[in-house]
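Numbering (the numbering used here), first residue to last: 8 to 534.
The structure appears below as structure tokens.
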Amino acid sequence: MLNKGRFIFVLMLLLSVGVVGSGYAQGENILLYGGNQDIDNIDPAIGENYSINAALRSLYDPLFLPRGNEIVPHLVESYEVNDDATVWTLNLVQTATFNDDGSPVNAEAVVYSYNRMLELQGPPTYRWDGIADLNSAVAIDEYTVEFTLLQPFAPFLGTLTHVFIVNPATVEANRGDDFGQSYLRENAAGSGPFVQGRWEIGNLYEFIAAEDYWGPYPEENGLDGFIWVIQREGSTQVNSLLANEIHVADTIDFSDIARINETEGYRVEQHQGLLINTLKFNNQRGPMSDINVRLAVAHAMNYASLPDALDNAIWVLRGPQPDNLAGFVEDLDVPTFDLERAQELLAASDYADEWAAGTLELDYVYVTDLATEEIPGLILQSNLAEIGVTMNMVPRLWPDMVASCGSVETAPDIINIYTVPAYLDLDAHYYNQYHSSAWGSFNSCSFYSNETVDGLLDTARTEPDPDVRMDLYAEVQEILVADAPSAWMFNEAGTIAFNDCVGGFVFSPMYPLTVLFQDLTMANCPA
Numbered sequence: 008m009l010n011k012g013r014f015i016f017v018l019m020l021l022l023s024v025g026v027v028g029s030g031y032a033q034g035e036n037i038l039l040y041g042g043n044q045d046i047d048n049i050d051p052a053i054g055e056n057y058s059i060n061a062a063l064r065s066l067y068d069p070l071f072l073p074r075g076n077e078i079v080p081h082l083v084e085s086y087e088v089n090d091d092a093t094v095w096t097l098n099l100v101q102t103a104t105f106n107d108d109g110s111p112v113n114a115e116a117v118v119y120s121y122n123r124m125l126e127l128q129g130p131p132t133y134r135w136d137g138i139a140d141l142n143s144a145v146a147i148d149e150y151t152v153e154f155t156l157l158q159p160f161a162p163f164l165g166t167l168t169h170v171f172i173v174n175p176a177t178v179e180a181n182r183g184d185d186f187g188q189s190y191l192r193e194n195a196a197g198s199g200p201f202v203q204g205r206w207e208i209g210n211l212y213e214f215i216a217a218e219d220y221w222g223p224y225p226e227e228n229g230l231d232g233f234i235w236v237i238q239r240e241g242s243t244q245v246n247s248l249l250a251n252e253i254h255v256a257d258t259i260d261f262s263d264i265a266r267i268n269e270t271e272g273y274r275v276e277q278h279q280g281l282l283i284n285t286l287k288f289n290n291q292r293g294p295m296s297d298i299n300v301r302l303a304v305a306h307a308m309n310y311a312s313l314p315d316a317l318d319n320a321i322w323v324l325r326g327p328q329p330d331n332l333a334g335f336v337e338d339l340d341v342p343t344f345d346l347e348r349a350q351e352l353l354a355a356s357d358y359a360d361e362w363a364a365g366t367l368e369l370d371y372v373y374v375t376d377l378a379t380e381e382i383p384g385l386i387l388q389s390n391l392a393e394i395g396v397t398m399n400m401v402p403r404l405w406p407d408m409v410a411s412c413g414s415v416e417t418a419p420d421i422i423n424i425y426t427v428p429a430y431l432d433l434d435a436h437y438y439n440q441y442h443s444s445a446w447g448s449f450n451s452c453s454f455y456s457n458e459t460v461d462g463l464l465d466t467a468r469t470e471p472d473p474d475v476r477m478d479l480y481a482e483v484q485e486i487l488v489a490d491a492p493s494a495w496m497f498n499e500a501g502t503i504a505f506n507d508c509v510g511g512f513v514f515s516p517m518y519p520l521t522v523l524f525q526d527l528t529m530a531n532c533p534a
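Here it is, written out as structure tokens:
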């Protein structure tokens with residue numbers, strides 16, 4: 008029986024989006040999703056975060072789709088690549104149509120969408136910096152697209168999960184003076200599994216299952232629609248879930264996981280994502296330019312204490328990459344917590360005199376009020392103090408941290424940085440962090456330079472054989488561990504809570520908080 012409180016909540020919600028009395032039939036599968044974050048820009052050329060990703064993958068179709076640990080063809084039926092990975096030919100499916108006017112999703116639409124992204128130079132386009140330009144994509148025939156790259160680039164397909172195809176006719180009809188940005192910010196022009204309903208930024212977002220969707224969709228119990236309800240407080244999300252007011256809640260606090268799992272009819276999906284925390288050392292200036300000091304600091308971190316100290320679901324890293332990313336090398340000789348070894352290294356460093364005099368001092372920069380960066384710093388500060396090294400805790404706003412990474416001179420001794428690969432390939436993890444040409448961004452704030460590593464990373468970008476590429480990245484990992492440009496800390500879990508009546512969820516480490524709603528099913532959900 009529907010309790011009175013839940014009845015009022017659900018009735019008011021459905022009335023607010025016009026569900027009651029229109030659109031949906033009684034008994035249809037309408038999923039209510041408690042989301043912590045707004046969906047404030049659904050222009051595929053501009054918007055990019057976990058909530059926007061969920062919306063884009065619901066309203067649009069990409070060329071390739073991340074599913075689990077793989078990328079799979081979506082709008083692409085087949086593809087070919089030349090020997091040096093510069094020319095990629097994509098053969099499109101011929102059944103996809105745009106939801107607004109029924110026109111085909113064809114090669115011209117792909118070229119238009121890709122070039123619009125490059126022309127606007129929004130956040131997604133850094134994936135193709137120096138790789139492609141406005142002349143790269145060409146429509147060979149109605150359903151064949153050819154990409155000619157500026158340089159060999161073996162991981163190119165991985166970047167195409169971010170190419171969402173817009174309807175050129177719709178964009179041109181609403182082009183304005185900003186290439187359709189004002190229109191597409193809140194209005195979709197895609198071929199995806201859902202279309203928009205009520206759209207209230209800061210409140211709720213309604214998605215209605217598209218009629219006759221061309222792509223894969225559950226044969227039974229698939230969604231007829233879903234409503235993304237903004238719930239900014241974790242306690243509100245959990246209470247709403249357990250009261251059957253919503254079916255799914257994201258960004259669940261670690262402290263709430265046991266309560267949900269122990270309540271019959273609910274579960275928490277918690278998986279290892281690719282959001283990675285690293286202490287980046289300034290390899291070019293000051294004490295951290297000395298390999299012995301870098302190793303000493305790395306040995307002064309008590310890694311095993313981090314899960315309890317952070318009170319969070321994390322996996323302590325055992326090398327430069329997490330073990331759930333393909334190509335992980337087992338049994339690397341990474342520094343472990345050992346203050347005696349740290350002192351030996353300091354004594355062997357070029358800063359031994361400063362250390363002996365008690366004047367060796369380091370700065371640790373972290374995001375203001377971000378506990379997952381501050382707490383590791385406090386642990387490290389305490390341990391370094393035990394062996395006579397002063398470490399200053401320096402909180403900064405994120406934009407100021409990014410700016411400090413613009414040059415060797417302004418970068419701090421130690422900076423705590425979160426990174427995530429831009430696409431599901433080791434190139435996306437290593438190149439922007441450890442290739443010397445990448446200096447100047449927060450990803451590369453260690454200012455690491457090693458000609459051998461540069462060469463290995465360059466070769467891996469052009470090598471078509473995946474096994475050879477894995478061997479190259481294995482060598483990169485071994486060199487990085489020896490050089491210690493960073494201290495590799497942990498990666499975090501993606502945590503989403505479900506009513507057990509919801510099925511079909513497939514976790515993707517690239518998008519640990521993004522649900523593919525077209526995969527979900529609902530069966531016997533509380534009325």
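The beta carbon of each residue, even a glycine, is placed where N, CA and C say it ideally should be.
Bear in mind the structure is a predicted one, so any value in this text is a computation, not a measurement.
Subject >> Cutoff 7 Å; reference Y121; Cβ partners in own chain excluding five residues on either side >> reply: A144, V170
Subject >> Three-state secondary structure (DSSP) of Y371 >> reply: strand
Original post:
For Q5 versus I53, is the C-beta spacing smaller than 8 Å?
Top reply: What is shown of the chain runs 8 to 534, which leaves residue 5 out entirely.
Subject >> Sub-8 Å separation of V336 and A445 beta-carbons >> reply: no
**OP:** Whole angstroms is fine: what's the gap from G137's alpha carbon to I253's?
**Re:** 45 Å
Original post:
If you run the structure through DSSP and keep just helix, strand and coil, what is F449?
Top reply: helix
**OP:** Would you mind listing the alpha helix (DSSP H) stretches within the segment 281 to 334 that are 4+ residues and don't spill past its ends, in chain order?
**Re:** 298 to 306, 313 to 317
**OP:** For P516, count neighbouring C-beta atoms within 10 Å of its own C-beta (all shown protein chains included) and say buried if the count is 16 or more, exposed if not.
**Re:** buried
Original post:
Touching or not, the segment 219 to 234 and the segment 35 to 45, by the rule of three or more beta carbon pairs under 8 Å?
Top reply: yes
**OP:** State whether the segment 339 to 353 contacts the segment 372 to 389, with contact taken as three or more CB pairs (one from each stretch) at a distance under 8 Å.
**Re:** no
**OP:** Kindly examine the ligand ATP and report whether one of its heavy atoms sits closer than 7 Å to the Cβ of N268.
**Re:** Only the bare structure without any ligand can be found here, which leaves the ligand ATP out of the picture.
Original post:
On the three-state DSSP scale, how would you describe T521?
Top reply: coil
Subject >> the segment 401 to 418 touching the segment 436 to 451, judged by at least three CB pairs closer than 8 Å >> reply: yes
**OP:** Just mark V522 as buried or exposed, buried being the case when its beta carbon has 16 or more other beta carbons within 10 Å.
**Re:** buried
**OP:** Throw me the rounded Cβ distance for the L97 and V152 pair, which I believe falls under 8 Å.
**Re:** 5 Å
Original post:
Which one or two residues does DSSP pair with P73 in a beta bridge?
Top reply: I78
Original post:
With contact counted as at least three CB pairs below 8 Å, one residue from each stretch, are the segment 97 to 107 and the segment 196 to 206 in contact?
Top reply: yes
Subject >> Residue ranges of each beta strand (DSSP E) within the segment 339 to 391, 3 or longer >> reply: 368 to 374
**OP:** Return the bridge partner residues of Y212 from the DSSP annotation.
**Re:** W206, W235
Original post:
Taking the Cβ atom as the reference point for each residue, do M529 and I421 lie within a distance shorter than 8 Å?
Top reply: no
Original post:
Between which two residues does the alpha helix (DSSP H) harbouring D434 extend?
Top reply: 433 to 441
**OP:** Give, in chain order, every unbroken run of the beta strand (DSSP E) that is at least 3 residues long and sits entirely within the segment 241 to 275.
**Re:** 255 to 257
Subject >> Start-to-end residues for the beta strand (DSSP E) that takes in A494 >> reply: 493 to 506
Original post:
Hey, out of Q128, Y119, D260, D184, whose CA is closest to F154's CA?
Top reply: Y119
**OP:** May I ask you to report which of helix, strand or coil DSSP gives L38?
**Re:** strand
**OP:** Measure the C-alpha to C-alpha separation of W135 and A467 and round it to an integer number of angstroms.
**Re:** 16 Å
**OP:** Apply the 10 Å Cβ neighbour rule to E77 and answer buried if 16 or more other Cβ atoms are within range, or exposed otherwise.
**Re:** exposed
Original post:
By a C-beta neighbour count over all protein chains shown, 10 Å radius and 16 as the cutoff for buried, is W495 buried or exposed?
Top reply: buried
Original post:
Around the Cβ of G165, are there at least 16 other Cβ atoms within 10 angstroms (buried) or fewer (exposed)?
Top reply: buried
Subject >> Three-state secondary structure assigned by DSSP to P130 >> reply: helix
**OP:** Starting from the N-terminal side, write out each stretch of the beta strand (DSSP E) that is 3 residues or longer and does not extend beyond the segment 392 to 434.
**Re:** 397 to 403, 421 to 426
Subject >> Buried versus exposed, by CB contacts within 10 Å (16 or more), A400 >> reply: The residue you asked about is not Ala; residue 400 is Met in the sequence shown. With fewer than 16 Cβ atoms within 10 Å of its Cβ, M400 is classed as exposed.
Original post:
CB-CB under 7 Å to E149, same chain, minus the five flanking residues each way: which ones, in chain order?
Top reply: N113, A114
**OP:** Keeping to the same chain, check which residues put their C-beta closer than 7 Å to that of C452; ignore five residues upstream and five downstream.
**Re:** K287, C412, A418, I422, I424
**OP:** Have a look at L535 and D318 and give me their C-alpha separation to the nearest angstrom.
**Re:** It is not possible to answer for residue 535, since the shown part of the chain is limited to 8 through 534.
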